[in-house]
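Scroll down for the structure; my scribbles are underneath it.
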């Protein structure tokens, strides 16, 4: 399955300041491999983490709506920024990997 992605997200703090950027692949091809979204510094110069949609096998991917994700970031990252990343993970899942219900 190929899902076209906008590819870029900006993560902002409560004051509206850019704290991180997320760069996704051009196409989320999840057939047999993980899909990675790079978590970059505010100026996009350094990768500081990654959000990964983990491949769970053909049967699980084809016949269930359950997804597995991984999130890595520096241990000393501000807890509020970690929380924003967790929210970004849920947004990415909802936007690109959830199937529309028929009803």
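Residue numbers (this note's numbering): 131 to 233.
Every residue, glycine too, gets a C-beta built ideally from N, C-alpha and C.
- CA-to-CA, the gap between residue 184 and residue 199 works out to about 5 Å.
- With a beta-carbon spacing of about 6 Å, residue 203 and residue 215 fall inside the 8 Å limit used to define contacts.
- Residue state for residue 156 is assigned as coil, using DSSP reduced to three classes.
- Of the residues 147, 138 and 173, the one whose Cα lies closest to the Cα of residue 156 is 138.
- Pairing residue 170 with residue 224, the inter-Cα distance amounts to about 21 Å.
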